[in-house]
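In the working numbering, the protein residues as written are 99 to 172.
So the structure is just underneath, and the comments pick up after that.
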């Protein structure tokens, strides 16, 4: 069972990569607002900053893990 859980976790991590990138670009107005109000570099000339991508990826990863955990236990 632990290997199966590891496989599902790796699948969730891989699936959340493109979803996180998409979310980061869709949230561009939010990143611009954060940059203007806080002064933290969030939106550059070529898109969101690295931490914005990581935050978006982590959000999708957490959601997918929660859904998988619920599915596997239920």
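In this text, a Cβ means the ideal position worked out from N, Cα and C, and glycines have one as well.
Sequence-distant residues of its chain with Cβ nearer than 7 Å to residue 158 (five each side left out): 114, 117, 118 and 121
Three-state secondary structure assigned by DSSP to residue 112: helix
Terminal residues of the alpha helix (DSSP H) in which residue 157 lies: 148–171
Whole-angstrom distance between residue 132 and residue 140, CA atom to CA atom: 7 Å
Close Cβ partners of residue 170 (< 8 Å) along its chain, the five nearest in sequence each way excluded: 103 and 106
Run of the alpha helix (DSSP H) containing residue 136, from where it starts to where it stops: 126–136
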